[in-house]
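Counting from 22, one number per residue, gives the positions in the sequence shown under our numbering. A quick write-up on the structure given underneath.
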Amino acid sequence: MPDRVHYTVPGLDPDAAGDVITLLQGRLDALNDLALTLKHVHWNVTGPHFIAVHTMLDPQVDGVRAMVDDVAERIAALGGSPVGTPGALVRNRTWDDYSIGRDDAIAHLGALDLVYTGVIGDHRSAIETTDKLDLVTQDLLISQASELEQYQWFVRAHLESSDGRLSSGSAATEREAAKQA
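Right, dumping it as structure tokens:
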């Protein structure tokens, strides 16, 4: 929970701003983690799909890093202080670290699909929460969710059969998804 907000944007209640700041800090942590995970995958893909996946991920990293900056700046605009340190991210996250090292590109994409599912699901929950608190923040999150969903579609295109099934569709963990992919 942030310290008491002493000022915020015009027309927004300081208590509501504090709630939005807390929510956005969680999104900031998740997006920072996603950017690092994407880069980790970029460095550790192998196999015949290496170049396709390797080059697909750099624009995703850049896009997610831009989202990180936008969320941090929104926190500051609302009167908060964004925290982007590695220690705070690890201390505050509610998910496990990415579990796949050097592996086949498609295996990574199976695991990455689950990562995107988690990030997008939490973004959508944040969108619902901001509906009554702050529509400007909600608009930012909606835009980001749209972009994240497109990135996941790019990932899923490598995992999808012609009848629309995901090869890793029944997996509950990254390791299971990597194996099924």
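We put the beta carbon where it would ideally sit given N, CA and C, even for glycine. Note that the structure is a prediction, hence the values are computed from the model and not measured.
query	result
As assigned by DSSP and simplified to three states, the class of T158	helix
Outcome for P103 when other beta-carbon atoms lying within 10 angstroms are tallied against a minimum of 16	buried
Rounded C-alpha distance that separates S164 from V136	19 Å
A126 versus V157: straight-line alpha-carbon distance, rounded	38 Å
Residue closest to L130, alpha-carbon to alpha-carbon, out of L33, G32 and Q201	Q201
Contacts around A93, its chain only, beta-carbon distance under 7 Å, and the 5 residues preceding and following it disregarded	L49, P103 and G105
Given 8 Å, three or more beta-carbon pairs between the segment 104 to 121 and the segment 189 to 199	yes
Through-space distance from A166 to V26, alpha-carbon basis	27 Å
Interface flag, D36 vs chain B, CB-CB below 9 Å	In the structure shown, chain B does not exist; there is a single protein chain.
Cβ neighbour criterion (16 or more within 10 Å) applied to D184	exposed
Cβ-based neighbour list, Q173, same chain, cut-off 6 Å, excluding 5 preceding and 5 following	Y137
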